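Novice:
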Amino acid sequence: MATTSTTTPTTLTGTGRQTGRRPSTGGRFRRYLPLYLSISPFYIIFAIFGLFPIGYSLYLSFHSWDGIGPMKFVGLAEFRYLVSDTQFWLSVKNTVEIWIISTIPMLFLALVIAVILNSSIRFKTAYRIAFFIPNVSSLVAMAIVFGSIFANNFGLLNGLLQALGLSQVQWLNDPWGIKIAIAVMVIWQWTGYNAIIYLAGLQAIPTDLFEAAKVDGANVVQTFFRVTVPMLRPIILFTVITSTIGGMQIFTQSQVLVGNTGGPGGAGMTMVLYLYQQAFTKNDFGYGAAIGWGLFIILLLFSIINWRVVQRTGK
Amino acid sequence: MTQARFARVLAHLVLIIGALISLFPFYWMIVMATNTTGDIFQFPPKLTFGSHLLGNIRNVLHNIDFFGSFLNTLLVAVVTTALVLFFDSLAAFTFAKYDFPGKRVLFIILLATFMVPSQLSTVPLFVLMAHIGWVGSLPALIVPGAVNAFGIFWMRQYIQGAVHDDLLDAGRLDGCNFFRLYRQVAIPVLRPALAFLGIFTFVTVWNDYLWPLVVLVNPHRLTLQVALSQLNGLYNTDYSMVMAGTLMATVPLILVFLLGARQFIANLAAGAIKA
């Protein structure tokens, strides 16, 4: 949900009210104290476990450190290595590829499901619950289940292919096979979530717009592209942004499916998996911190691109 | 068949196929957990429930400390959820209904924290935990997540609509102070919102993987997700046993979700539309 700040025009003045006369300084203190106390846990915890680590990670990224021995100041060496590290760029490329082949089908399917659910159809609640259950299930557990479906020789999918008289695919040995397996997991988990978001957006569209389109003789496809999609644009952009942030942070599916090395050819090596591998299995804390900053900058770039798209299509 | 009727049948067909795909991995998990590994990896694979569930569960309990990790996970999820509900609703109540110097800036800071990916601070947070001696302990999982910006933001939106100023004024006339207004006026109205945030937090914490994997280096204190991944890595060949473990780790979560599913889905959508 890291996006709300970019998409929300928030009223910050709120509906708070000032009552009575202007109190003295002591009275003011007494009146405001409970308010500051009530919001303080967030700022205290964020300062210690959020802000301080961010500063510290910058410090770490200028050092070479295995977590045990002495820290050695190396200046910009970690970052210089980062920009020339083919493994890192492979992880960036993998992450973007997985993001593209998962997000586009996922959002399209979600929109189709939402449009159907928005018509006068029965068993809506049952369908919504069924579509949403993948989203609350454990990622680790489901990565194990999908691992058995995509398994190389005796996997369920290969069994199905064989039953249909087709040849088997070595899913978890093939670079695209691995990416497709991860993308399928993402699609499976998030389509229902996005469908429910779209459904809520659809229900907010005034019905007379659809009636007007009907009167003008628009068919289903025309109505979809001329009325539904334009009216849903803010919601679609919201889902694109959340999917981008989620997609850039894929870790569990890869790690459980193909392990810390990212599988054959490192095809399942995502940015976060690379960070985890370098920092916590190779104990290179300084470089791990530098990868964290690389990740942050790439996320920022994607956010800016998203923002630009928002501005442009908003006109 | 009329055109409208045909469209309706087609719509149901699409939805049913979608629902089956959504639910199939759960079905397949149960099939594997109730059969032997040999049954699954024959050709064609067995697609119906078997009778080996208890044997597979016994194997899981023999190989990992399932109940230990289950209790750890439950403890972390329950305590974190309770803290999040209290801290988030209290802060949200203040931001929604009161004015005080610095409010605008403080709220912008809160929103800005959305922008920072948690992975950026994974390495330094681990170093920090090592310094204060929390590595391998449950507070390392609970405390950093005890209050969060998303919950405060979401709750604030809800409170602005749900808690009426007239009610608060009436409470003030009766002599209620800030904390009594929160507890006796706001909280009763906020039940649906608390239910949503509670399930959302519980599910998120229950499923968290990267941070527990990093910080729980002591093998006696694992969460379920980390224990599952170890089970998967170590005993890759015995799929049925691993599936019995994933099944046991998944069922409580699905139950929690189903208990509040209607409420949860309605609120999820409402939050996204406002955002």
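Top line first, the protein sequences correspond to chains Y and H. The first sequence begins at 81 in this note's numbering and counts up by one. The second sequence begins at 5 in this note's numbering and counts up by one. The beta-carbon is built from N, C-alpha and C at its ideal position, and this holds for glycine as well. Model, not experiment: these values are computed from the prediction.
How about H/Gln123 and Y/Gly372: do their beta carbons lie closer than 9 Å?
Specialist: To locate residue 123 of chain H, count along the second sequence from 1; it is residue 119. To locate residue 372 of chain Y, count along the first sequence from 1; it is residue 292. Result yes, Cβ atoms of H/Gln123 and Y/Gly372 sit closer than 9 Å.
Novice: Give the residues from the segment 70-85 of chain H that approach chain Y closer than 9 Å (Cβ to any Cβ), ordered along the chain.
Specialist: none
Novice: Rounded to whole angstroms, how far is the Cβ of Y/Ile193 from the Cβ of Y/Ala275, which I believe are closer than 8 Å?
Specialist: Within the first sequence, numbered from 1, the residue matching residue 193 of chain Y stands at position 113. Within the first sequence, numbered from 1, the residue matching residue 275 of chain Y stands at position 195. About 4 Å; that satisfies the 8 Å criterion.
Novice: Can you tell me whether Y/Phe376 is helix, strand or coil according to DSSP?
Specialist: Here residue 376 of chain Y corresponds to residue number 296 of the first sequence, with the count starting at 1. DSSP places Y/Phe376 in helix when its eight states are reduced to three.
Novice: On the DSSP bridge list, what partners appear for Y/Lys152?
Specialist: Counting from 1 along the first sequence, the entry for residue 152 of chain Y is found at position 72. For Y/Lys152, which the question treats as bridged, DSSP gives the partners Y/Ser144.
Novice: Whole alpha helix (DSSP H) runs in the segment 205-245 of chain Y with 4 or more residues, listed along the chain?
Specialist: 219-229 and 236-243
Novice: Of the choices Y/Ile384, Y/Gly366 and Y/Val389, whose alpha-carbon is the least far from that of Y/Tyr136?
Specialist: Indexing the first sequence from 1 puts residue 136 of chain Y at position 56. That would be Y/Gly366, whose Cα lies nearest to the Cα of Y/Tyr136.
Novice: What ranges does the alpha helix (DSSP H) occupy inside the segment 237-322 of chain Y, keeping only unbroken runs of at least 4 residues that lie completely in it?
Specialist: 255-283, 287-295 and 300-303
Novice: For the segment 15-28 of chain H, enumerate the residues whose C-beta is nearer than 8 Å to any C-beta of chain Y, in chain order.
Specialist: Ala15, His16, Val18, Leu19, Gly22, Ala23, Ile25, Ser26 and Leu27
Novice: By the criterion of Cβ-Cβ separation under 7 Å, what are the contact partners of Y/Ala210 in chain H?
Specialist: Looking up residue 210 of chain Y in the first sequence gives position 130. Within chain H, the residues near Y/Ala210 are Ala23, Ser26 and Leu27.
Novice: How about H/Arg9: is its C-beta nearer than 9 Å to some C-beta of chain Y?
Specialist: As a first step, residue 9 of chain H is located in the second sequence; it is residue number 5 there, counting from the start. Chain Y contact via Cβ: absent.
Novice: Take every Cβ of the segment 274-290 of chain Y, pair it with every Cβ of the segment 218-231 of chain Y, and state whether three or more of those distances are shorter than 8 Å.
Specialist: no
Novice: How long is the line joining the alpha carbons of Y/Met151 and Y/Ala206, rounded to whole angstroms?
Specialist: Locating residue 151 of chain Y in the first sequence gives position 71, where the first residue counts as 1. Locating residue 206 of chain Y in the first sequence gives position 126, where the first residue counts as 1. Roughly 57 Å separates the two Cα atoms.
Novice: Helix, strand or coil for H/Pro48, going by three-state DSSP, please let me know.
Specialist: Position 44 of the second sequence holds residue 48 of chain H. Coil.
Novice: Looking only at its chain, what residues have a beta carbon closer than 8 Å to the beta carbon of H/Cys180, apart from the 5 residues adjacent to it on each side?
Specialist: Position 176 of the second sequence holds residue 180 of chain H. Here the set comprises Gln188 and Val189.
Novice: Is it a yes or a no for the segment 323-338 of chain Y touching the segment 347-367 of chain Y, going by three-plus beta-carbon pairs under 8 Å?
Specialist: yes
Novice: Which residues, in order along the segment 139-156 of chain H, keep a beta-carbon less than 9 Å from a beta-carbon of chain Y?
Specialist: Val147, Pro148, Gly149, Ala150, Val151, Asn152, Ala153, Phe154 and Ile156
Novice: Residues in its own chain within less than 8 Å of Y/Trp251 by CB, not counting five upstream and five downstream?
Specialist: Here the question's residue 251 of chain Y lines up with position 171 in the first sequence. The answer, listed in chain order, is Phe230, Ala231, Asn232, Gly235, Leu237, Asn238, Gly257, Ile258, Ile260 and Ala261.
Novice: Show which residues of chain H have a CB atom less than 7 Å away from the CB atom of Y/Gln329.
Specialist: By one-based count along the first sequence, residue 329 of chain Y stands at place 249. Ordered by position in chain H, the residues that pass the 7 Å Cβ test against Y/Gln329 are Pro121 and Gln123.
Novice: For Y/Ala293 and H/Thr6, what's the separation of their Cα atoms in angstroms?
Specialist: Within the first sequence, the letter at position 213 stands for residue 293 of chain Y. Within the second sequence, the letter at position 2 stands for residue 6 of chain H. Taking the straight line from one Cα to the other gives about 22 Å.
Novice: Put H/Ala81 into one of helix, strand or coil per three-state DSSP.
Specialist: As a working note, residue 81 of chain H is residue 77 in the second sequence. Residue state, collapsed to three classes: helix.
Novice: To which residues of the same chain is H/Trp32 closer than 6 Å at the C-beta, ignoring the five residues directly before and after it?
Specialist: To locate residue 32 of chain H, count along the second sequence from 1; it is residue 28. Hits under 6 Å: none found.
Novice: Could you have a look at H/Met245 and say whether DSSP puts it in helix, strand or coil?
Specialist: Indexing the second sequence from 1 puts residue 245 of chain H at position 241. H/Met245 falls in the helix class under three-state DSSP.
Novice: CA-CA distance, H/Asp178 and Y/Phe122?
Specialist: Here residue 178 of chain H corresponds to residue number 174 of the second sequence, with the count starting at 1. Here residue 122 of chain Y corresponds to residue number 42 of the first sequence, with the count starting at 1. So the alpha carbons of these two residues sit roughly 30 Å apart.
Novice: Where does Y/Asn363 fall in DSSP's three states?
Specialist: As a position in the first sequence, residue 363 of chain Y is number 283, starting the count at 1. DSSP places Y/Asn363 in coil when its eight states are reduced to three.
Novice: Would DSSP call Y/Arg202 helix, strand or coil?
Specialist: Mapped onto the first sequence, residue 202 of chain Y falls at position 122. Of the three classes helix, strand and coil, the one that applies to Y/Arg202 here is coil, per DSSP.
Novice: According to DSSP, is Y/Phe331 helix, strand or coil?
Specialist: Taking the first residue of the first sequence as 1, we reach residue 331 of chain Y at position 251. Y/Phe331: coil per DSSP, three-state reduction.
Novice: Which two residues bound the contiguous alpha helix (DSSP H) that contains H/Pro143?
Specialist: For the purposes of this step, residue 143 of chain H is taken as residue 139 along the second sequence, with counting starting at 1. Segment Pro143 to Ile146, the alpha helix (DSSP H) holding H/Pro143.
Novice: Assuming the contact rule is C-beta atoms closer than 8 Å, H/Leu257 and H/Val207 should be a hit. Round their C-beta distance to whole Å, please.
Specialist: Start at 1 with the first residue of the second sequence, and residue 257 of chain H comes out as number 253. Start at 1 with the first residue of the second sequence, and residue 207 of chain H comes out as number 203. 6 Å between Cβ atoms; contact.
Novice: From this set, H/Leu132, H/Pro143 and H/Thr227, which residue's C-alpha is nearest Y/Ile134's C-alpha?
Specialist: In the first sequence, the residue the question calls residue 134 of chain Y occupies position 54. Nearest C-alpha to Y/Ile134: H/Leu132.
Novice: At 7 Å on the CB atoms, spell out the chain Y contacts of H/Ala265, in chain order.
Specialist: In the second sequence, the residue the question calls residue 265 of chain H occupies position 261. Within chain Y, the residues near H/Ala265 are Ile209.
Novice: Please name the residue in H/Pro143, H/Val246, H/Phe261 and H/Ile34 whose C-alpha comes closest to that of H/Ala199.
Specialist: Here residue 199 of chain H corresponds to residue number 195 of the second sequence, with the count starting at 1. Ranking the options by Cα distance to H/Ala199, first place goes to H/Phe261.
Novice: Hey, out of H/Gly249, H/Met252 and H/Asn236, whose CA is closest to Y/Leu337's CA?
Specialist: Here residue 337 of chain Y corresponds to residue number 257 of the first sequence, with the count starting at 1. Closest option to Y/Leu337, Cα to Cα, is H/Asn236.
Novice: Note down, in chain order, every chain H residue with its Cβ under 7 Å from the Cβ of Y/Thr303.
Specialist: Reading the first sequence from its first residue, position 223 is the one you call residue 303 of chain Y. Within chain H, no residue comes near Y/Thr303; the closest Cβ sits about 13 Å away, beyond 7 Å.
Novice: At which residues does the alpha helix (DSSP H) containing H/Arg12 begin and terminate?
Specialist: As a first step, residue 12 of chain H must be located in the second sequence, where it is residue number 8. Where H/Arg12 is concerned, the enclosing alpha helix (DSSP H) stretches over Gln7 to Thr38.
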